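To start, the structure under review is shown below, and the notes come after it.
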Amino acid sequence: MASDSRFQNLRALLVEPSAVQARIIRAECDEIGLRQVEIVGTVGDALDAMLRSAPDLTLSALYLPDGTGTELVEAMRAEGRLAEVPFLLISSETRPQALEPVRQSGACGILPKPFTAAQLSRAISRTLDLLGTSHVLENEFDLDSIRVLLVDDSPNARRFIRRVLENLGLRHFIEASNGREAAALLADTMVDLIVTDYNMPEMDGREFVEYVRTRSWQQEVPILMVTSESSESRLAAVQEAGVSGICDKPFETALLQQLLAGMLRQSED
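For the sequence shown, my numbering assigns the number -4 to the initial residue and increments by one for each residue that follows.
In structure tokens, the structure reads:
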């Protein structure tokens, strides 16, 4: 495939302990025009390399000799200089229980192995779009007046989602770590949009949506659920409870913009 001119000036860090896999991924990177790639094999070496010079993008395996890709992205999100570096997981792992932690930790995307150069290009493009600034919503709505309640038990996930929403033009945020805390905030704080996770302690996303729709004085507020939950029965229960939209975690910018625009437009009617 033809190389993508957007990748030519990107500096990427590839974290892959297998020399064979590193050569394969590096070859695919070369094919799409991503040629500035530094390769390391451990969590420790990756953090050292990033602290010396933060890359534009990190590509990482899940299982590393001294830890996991989840621990790497968590360390990145906790370090001020690295908190906003895009992270793309490249892994053959398919078990939900193994992938759930990295989804919750602020990964921008997950690319399954094996993959083609075209699939790598799309995954990187989605990652860059996700963290890039977009004025699509800003051009259509008065975003300065919109107050967002962000509910997620993972501080890293909240930080990441908040950054994505800020890139779309949203500015005012209130945060809660679970549904019960969010419900208490709603008692005396008016909001225009709720963005919530599903799996949370004390009061999960379904229970929180039910609370808002049946017991809150703000029953009409749009609610977007951003979640890695894959159970169709659980998601169906959330829809029945009255959620306005559901978006996968990690999510695609185009879908997020579409869902948010639809909900905000409906709330103005």
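Glycine is no exception: its CB is placed at the ideal position from the N, C-alpha and C atoms. Being a predicted model, the structure only gives us computed values, none of them experimental.
- For PHE168, the pairing in a beta bridge is given by DSSP as VAL143.
- Collapsing the DSSP output to three states places LEU230 in a helix.
- Taking all protein chains in view, the Cβ of MET185 is surrounded by fewer than 16 other Cβ atoms within 10 Å, so the residue is classified as exposed.
- ALA118 places its beta carbon less than 8 Å from that of GLY104.
- Beyond the five residues adjoining it in sequence on each side, ALA178 comes within less than 6 Å, by CB distance, of TYR206 in the same chain, given in chain order.
- If you check the CB distance, LEU5 and LEU54 do not come in under 8 Å.
- For VAL146, the closest of VAL204, GLU79, THR248 and LEU77 by C-alpha to C-alpha distance is VAL204.
- When DSSP reads this structure, CYS242 sits in a beta bridge with VAL221.
- In the three-state reduction of the DSSP assignment, SER100 falls in the coil class.
- Looking at the backbone, the Cα of ILE218 and that of GLY200 are separated by about 10 Å.
- With respect to the 8 Å criterion, SER86 and LEU52 are not classified as neighbours on the basis of their beta carbons.
- When DSSP states are grouped into helix, strand and coil, LEU9 belongs to the strand group.
- Here DSSP, grouped into helix, strand and coil, assigns GLU33 to strand.
- The beta-carbon separation of ARG260 and ARG154, rounded to 28 Å, does not stay under the 8 Å limit for a contact.
- Judged by beta-carbon spacing, MET198 lies beyond the 8 Å limit of GLY164, meaning their Cβ atoms are not closer than that value.
- Beta-carbon to beta-carbon, ALA70 and PRO245 are separated by about 18 Å, too far to satisfy the 8 Å threshold.
- Taking a C-beta distance under 8 Å as the contact criterion, LEU84 and LEU106 qualify as a contact pair.
- In the structure shown, PHE82 falls within a strand segment according to DSSP collapsed to helix, strand and coil.
- DSSP lists THR63 as the bridge partner or partners of TYR58.
- With respect to the 8 Å criterion, SER100 and ASN162 are not classified as neighbours on the basis of their beta carbons.
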